[in-house]
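Enquirer:
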Amino acid sequence: MPRTVAVVGAGAAGLVAARELLREGLGVAVFEKSGRAGGTWAYDPRADDADPLSRDPAGPGAVHGSLYASLRTNLPRELMGFSGFPMAGRVFAGDARAFPGHREVLAFLDAFAEEHGVLERVRLRAEVLRVRPLGREQGERWVVAWRGEDGEVAEEVFDAVVVCNGHWTVPQVAKIRGIDNWRGKQMHSHNYRVSEPFRDQNVVVVGMGVSGTDIALEISHVAKEVHVASRYSEDRLGKIEPYKNVWIHREVRNSELFSSQTPSPSSSAVAADIILYCTGYQYHFPFLDLDGLTVDDNRVGPLYNHVFPPKYAPNLSFVGLPIKTIVFQSLELESKWVAAVLSGRATLPGEEGMMAAVREHYRQMEEAGRPKRHTHEEHLNWLADQVGEPRLEAWRLEMLEKAARCALLLDEGYRDLWEQDDNSGASASLGVKGAP
Ligand SMILES: Cc1cc2nc3c(=O)[nH]c(=O)nc-3n(C[C@H](O)[C@H](O)[C@H](O)COP(=O)(O)OP(=O)(O)OC[C@H]3O[C@@H](n4cnc5c(N)ncnc54)[C@H](O)[C@@H]3O)c2cc1C
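Residues 3 to 438 (the numbering used here) make up the sequence shown, in order.
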């Protein structure tokens, strides 16, 4: 049984992983490169102004965080707690709203880490530079090279490593033909903090996910025009009511669509000053260079159920890869699984059995025509089965679906309407059926 475990990162994933590992009686050291725990939820007002597309994740101005100043959660607090430590019905930083601002989530994580004895396991300003297997190829033990506050690099050996470094930092930028010759400004939402720099500008927002929608509407209060371009926009092209300056367009493929002058009414071109990409992020593990483990079109693999690389299991694992899920619950269940496997309470199939499962997953995705970048999605009930937890109550998944639909309604008020919904049954106001 492994005795010591290094956890890379003290965001929500690293903190709950540490709690579960400690509960299994394992020795835990959490390495955190920044000056505090909380990860993404520790809002960082800095942005990489010198590299607004953040093409170089190791550049001098690189920042981890991608939150903007006004950010409120896109999941209600009922879906953002941990077992035995809920967010629902409690207030941590004075913000009791159903969809609280980022400070409330950070205060929640601080309180969680404190209560569970995790904080004292976190080494701050300790950046993991390299993780490599020691001795036998399978990674029976692991060497962690890390740089401390004084700049010194140290090496330490652990029995296991859990990777929790987050995946909302390195931008995915849409490819637009001819864009390199376009002279306007381009940036990624990773570097968006406040709307003021967009005042009186014509802005093209590429991507209409949760951040794209939120940011486009926030910018519309100061910008001249906001044009949102999305590949999933067919059913709502044109001007968006009640906004006076927001339009939705099809996916942008060609930079000729951006003219530097006001286009003629018959033209589909947009006079743009800034293109703001809200096109998501890439998985990135700069400290790992392992034979047979790759990131290909945002598929990290091979991984047995998004967590264990068959060749290096169980002593190397990843917590936090799935998206489109109840994130905190997924982090917790994955952590419980890792902790149970490392303590010997749960077992994994052999390497070949895990590889067969991975191949079968890939085959099913291919058959369904799903691209590799959609590999890491919700697997909550599967996880619950692994660790002997009850399957998810139906209302949780319904609430997740409702929140996802509401986030894309292009209605700035949906978070506050949600609270009225809960109290007065005014589901119609959100235009969402089946609200819990
Ligand atoms: C704009 C935005 C909005 C979101 N809204 C929601 C929401 O409403 N609800 C929700 O549940 N989730 C939301 N999320 C997802 C959010 O990322 C998760 O809630 C959660 O923060 C994931 O935690 P994590 O620990 O996996 O990653 P992170 O929070 O990113 O933490 C990773 C940590 O690892 C550290 N680290 C990285 N590399 C190293 C290294 N080499 N050495 C040492 N330390 C390292 C980082 O400094 C960081 O502290 C949102 C994300 C974004 C970007």
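Virtual Cβ for every residue (Gly too), placed ideally from N, Cα, C.
All values reported here derive from a predicted model rather than from experimental measurement.
Skipping 5 residues on each side, what residues in its chain have a beta carbon closer than 8 Å to that of Glu129?
Expert: Hits under 8 Å: Phe33, Lys35, Trp148 and Arg149.
Enquirer: Quick check for students: name the residue ranges of the alpha helix (DSSP H) that lie wholly in the region 20-60, counting only runs of 4 or more.
Expert: You should have found no qualifying run.
Enquirer: For His308, which option in Leu344, Ser345 and Thr377 has the closest C-alpha, if you only look at C-alpha atoms?
Expert: When each option's Cα is compared against that of His308, the closest is Thr377.
Enquirer: Can you tell me which residues form a DSSP beta bridge with Tyr283?
Expert: Paired residue(s): Pro173.
Enquirer: So Trp339 is in the alpha helix (DSSP H); what residue range does that whole segment cover?
Expert: First-last of the alpha helix (DSSP H) with Trp339: Val329 to Ser345.
Enquirer: I think Ala95 touches Ala109, with their Cβ atoms under 8 Å apart; what is that distance to the nearest whole Å?
Expert: The pair is a contact, with the Cβ atoms about 4 Å apart (cut-off 8 Å).
Enquirer: Compute every distance between the C-beta of Trp378 and the non-hydrogen atoms of ligand 1, then say whether any falls below 7 Å.
Expert: Residue identity check: residue 378 is His in the sequence provided, not Trp. No, since every heavy atom of ligand 1 falls outside the 7 Å radius drawn around the Cβ of His378.
Enquirer: Looking only at C-alpha atoms, which of Pro311, Ile277 and His286 sits nearest to Asp293?
Expert: It is Pro311 whose Cα lies nearest to the Cα of Asp293.
Enquirer: Can you name, in chain order, every residue of its own chain whose Cβ lies under 8 Å from the Cβ of Ala60, other than the five neighbours on each side?
Expert: Around Ala60: Pro288.
Enquirer: How about Gly29 and Arg5: do their beta carbons lie closer than 8 Å?
Expert: Taking 8 Å as the Cβ cut-off, Gly29 and Arg5 qualify as a contacting pair.
Enquirer: If you reduce the DSSP assignment to three classes, tell me which class Arg179 lands in.
Expert: If DSSP states are grouped into helix, strand and coil, Arg179 belongs with the strands.
Enquirer: Quick check on DSSP: helix, strand or coil for Leu402?
Expert: In this structure, Leu402 counts as helix in the three-state DSSP scheme.
Enquirer: Can you give me the Cβ contacts of Pro54 inside the same chain, cut-off strictly under 6 Å, excluding the 5 residues immediately before and after it?
Expert: Taken in chain order, the residues that qualify are Met189 and Asn193.
Enquirer: Which residues share a DSSP beta bridge with Pro288?
Expert: DSSP, once it has assigned bridges, lists no residue as partnering Pro288.
Enquirer: Distance check for Tyr364 and Ser229, CA to CA, integer angstroms please.
Expert: According to the sequence displayed, residue 229 carries His and not Ser. Cα to Cα, His229 sits roughly 36 Å from Tyr364.
Enquirer: Where do the N-terminal and C-terminal ends of the beta strand (DSSP E) with Val360 fall, by residue?
Expert: Where Val360 is concerned, there is no enclosing beta strand (DSSP E), although the alpha helix (DSSP H) it sits in stretches over Glu353 to Glu369.
Enquirer: Once the 5 residues before and after Glu142 are set aside, which same chain residues still bring their CB inside 6 Å of it?
Expert: There are no such residues.
Enquirer: Say the cut is 7 Å; is the CB of Ala14 nearer than that to a heavy atom of ligand 1?
Expert: Indeed, a heavy atom of ligand 1 lies less than 7 Å from the Cβ.
Enquirer: Ordered along the chain, which non-local residues of its own chain (more than five positions away) have a Cβ less than 7 Å from that of Pro267?
Expert: Below a pLDDT of 50, predicted positions are generally treated as unreliable, and Pro267, at 47, falls in that range; the measurement from the model is reported next regardless. Closer than 7 Å at the Cβ level, and outside the excluded window around Pro267, lies no residue.
Enquirer: Could you give the distance in angstroms between the alpha-carbon of Leu419 and the alpha-carbon of Gly211?
Expert: Whole-angstrom Cα-Cα distance: 20 Å.
Enquirer: Count the other CB atoms, across all protein chains shown, that sit within 10 Å of the CB of Leu81; report buried if there are 16 or more and exposed otherwise.
Expert: Per the 10 Å Cβ criterion, buried.
Enquirer: If you draw a straight line from the alpha carbon of Gly91 to that of Arg255, how long is it in whole angstroms?
Expert: So the alpha carbons of these two residues sit roughly 46 Å apart.
Enquirer: Which residue wins for smallest C-alpha separation from Ala455, given the options Trp184, Trp384, Met401 and Arg347?
Expert: Residue 455 is absent from the model: the chain starts at 3 and stops at 438.
Enquirer: In the region 94-134, which residue ranges form an unbroken alpha helix (DSSP H) of at least 4 residues, counting only runs that do not cross its ends?
Expert: Taking only runs of at least 4 residues, the alpha helix (DSSP H) segments lying wholly in the region 94-134 are 104-117.
Enquirer: Nearest CA to the CA of Gly11: which residue from Arg125, Lys338 and Glu379?
Expert: Closest option to Gly11, Cα to Cα, is Arg125.
Enquirer: Since I believe Val145 is in contact with Glu154 (beta carbons under 8 Å), could you give me their beta-carbon distance rounded to a whole number of angstroms?
Expert: With a Cβ gap of about 16 Å, Glu154 and Val145 do not count as contacting.
Enquirer: So, are the CB atoms of Val208 and Ile277 less than 8 Å apart?
Expert: Yes, they are a contact pair.
Enquirer: Return the Cβ separation of Ser332 and Leu382 in integer angstroms, given the expectation that the two are a contact with Cβ distance under 8 Å.
Expert: So it is a contact: roughly 6 Å between Cβ atoms.
Enquirer: Mind pulling the beta strand (DSSP E) runs of 3 or more residues that sit fully within the region 229-263?
Expert: As far as the region 229-263 is concerned, its whole beta strand (DSSP E) runs of at least 3 residues are 248-251.
Enquirer: Measure the C-alpha to C-alpha separation of Glu336 and Val7 and round it to an integer number of angstroms.
Expert: Cα to Cα, the separation comes out at about 15 Å.
Enquirer: By a C-beta neighbour count over all protein chains shown, 10 Å radius and 16 as the cutoff for buried, is Asp1 buried or exposed?
Expert: A question about residue 1 goes unanswered here, because the residues of the chain that appear run from 3 up to 438.
Enquirer: Please name the residue, chosen from Glu395, Ile250 and Asp423, that lies closest to Cys408 on a Cα-to-Cα basis.
Expert: Looking at the Cα atoms, Asp423 is the closest of the given residues.
Enquirer: At a cut-off of 7 Å, is Ser68 close to ligand 1 when judged by its beta-carbon and the heavy atoms of the ligand?
Expert: Yes, the beta carbon of Ser68 sits closer than 7 Å to at least one heavy atom of ligand 1.
Enquirer: Note down the Cα distance separating Ala113 from Glu362, rounded to an integer number of angstroms.
Expert: Their Cα atoms are separated by approximately 41 Å.
Enquirer: Return the chain-ordered list of same chain residues with a C-beta closer than 7 Å to the C-beta of Val175, the five sequence neighbours on each side being excluded.
Expert: Same-chain partners within the cutoff: Leu55, His190, Tyr279 and Thr281.
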